[in-house]
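Residue numbering for the sequence shown follows the working numbering, starting at 60 and increasing by one per position.
Read through the structure below, which is laid out as structure tokens, and then see the notes.
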Amino acid sequence: MLKVYMLGLLYFDGCEADERHVYAPDGRLWEPLHYASFFIYESLINNTTNWWAEARHVHPIEVTGGGPPHTVQVIEFQVPYPCTISFSSQGAAGLCDDLDTKLPKLKRRMNGQDSDFVFNPATAETIAEVTMAGGEIRPRRFNSSGIVEWAITNDIPVVITATRKDGGGSRSIRLNAVDAEVVFCNIHDVFVEGTQKGNSDVLKNPNANEGHIDLFRKLNPNLGNAILISSPPTGQVLPLAPITNAFLQYLRAKAHIEGETPPCCKGGGIVGNDI
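Structure follows, in structure tokens:
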């Protein structure tokens, strides 16, 4: 089984969509910089992988618990250009656990009045648009924030394909195994102290709320002076089962996940917490 853990500033269609997607707003020039990336064990990567070399980074991560401390190599595959992304061997569509009530909603606030955030994929500035065809989708709690678990029953090793929206071709990540864990997130660089700053000329709304949630302005270029807020979920979300993924353990141990989740769904919102 393939498990994809999704967190950070991500926007979900919702369970009722004919074809489910998750969208990562483009944070390459935001403040702080945000990166849409896949984090995968180096041992799972097939040597036919042809991802962009400049967007592939190796991170040694120490794992503790469940045995003697040891170091694993985790590869970060950043998405360097606006892309559509698909997974192979996705199996049949299964449970989608009510994303509309179990993830916080993104709202638009103007003159003290809240309304649903309006999202149009045709005009949104995204760095990654992932199709989730098949599998089971469940929102989970992770520390004090949120995560979405996408589980796919597959019988052949997975291929993740990113196709540039500007017609510049495609690249892929090929895995050696059928059973694997992949982390997909849109976050600032957690491997440096603090958060990196982006281009100082980036246009930021002076009335916008503080915090990373403001990156979702990229999904609607017509917000004007409105600010974005996150309303809490109304449904009960179960905790994530004990994890073995080294990157998620690293995030938990380093307390990179902070505050209340600002995640999303159909009708407005985001997924996971910004880290």
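Every residue gets a Cβ at the ideal spot worked out from N, C-alpha and C, and that includes glycine.
Everything numeric in this text was worked out from a predicted model, so none of it was measured.
Among the residues of its own chain, which have a CB less than 7 angstroms from the CB of residue i, if the five just before and after it don't count?
i	result
R311	N202
E269	Caution applies to E269, whose pLDDT of 46 falls short of 50 and renders its modelled position unreliable; the model cannot decide the point.
V237	N213, D214, I215 and P216
H118	V133, E135 and F250
Measuring only the C-alpha atoms, how far is residue i from residue j?
i	j	result
N245	R168	24 angstroms
E188	V81	6 angstroms
D159	G73	6 angstroms
F250	E135	11 angstroms
Y100	L68	22 angstroms
V177	T108	37 angstroms
M65	S204	12 angstroms
Tell me residue i's beta-bridge partners as DSSP assigns them.
i	result
F98	E135 and V242
C142	A187 and R223
C155	I196
S67	In the sequence as displayed, the identity of residue 67 is Gly instead of Ser. N245, per the DSSP bridge assignment.
Our contact map puts residue i next to residue j with C-beta atoms below 8 angstroms; I'd like the distance itself, whole angstroms only.
i	j	result
K224	T123	Actually they are not in contact, since the Cβ atoms of K224 and T123 sit about 41 angstroms apart, beyond 8 angstroms.
G86	I186	7 angstroms
E78	A192	7 angstroms
L278	A183	4 angstroms
V242	N304	6 angstroms
L154	L287	With a Cβ gap of about 30 angstroms, L154 and L287 do not count as contacting.
So, for residue i: in the same chain, excluding its five sequence neighbours on each side, which residues have a beta-carbon less than 8 angstroms away from its beta-carbon?
i	result
N105	P216, R233, L234 and N235
R227	A small fix is needed here, since residue 227 is Gly in this sequence, not Arg. Counting only Cβ-Cβ distances below 8 angstroms, and skipping sequence neighbours, we find Y140.
Ignore the nearest five residues each way along the sequence and tell me which others in residue i's own chain have a CB closer than 6 angstroms to its CB.
i	result
P321	With a pLDDT of only 39 at P321, under 50, the local geometry of the prediction cannot be trusted, and no value is derived from it.
H129	V122
H116	E135
Regarding residue i and the ligand ADP, is the C-beta to nearest heavy atom distance less than 7 angstroms?
i	result
I211	Absence of the ligand ADP from the depicted structure is noted, as is the absence of any ligand whatsoever, leaving it without description.
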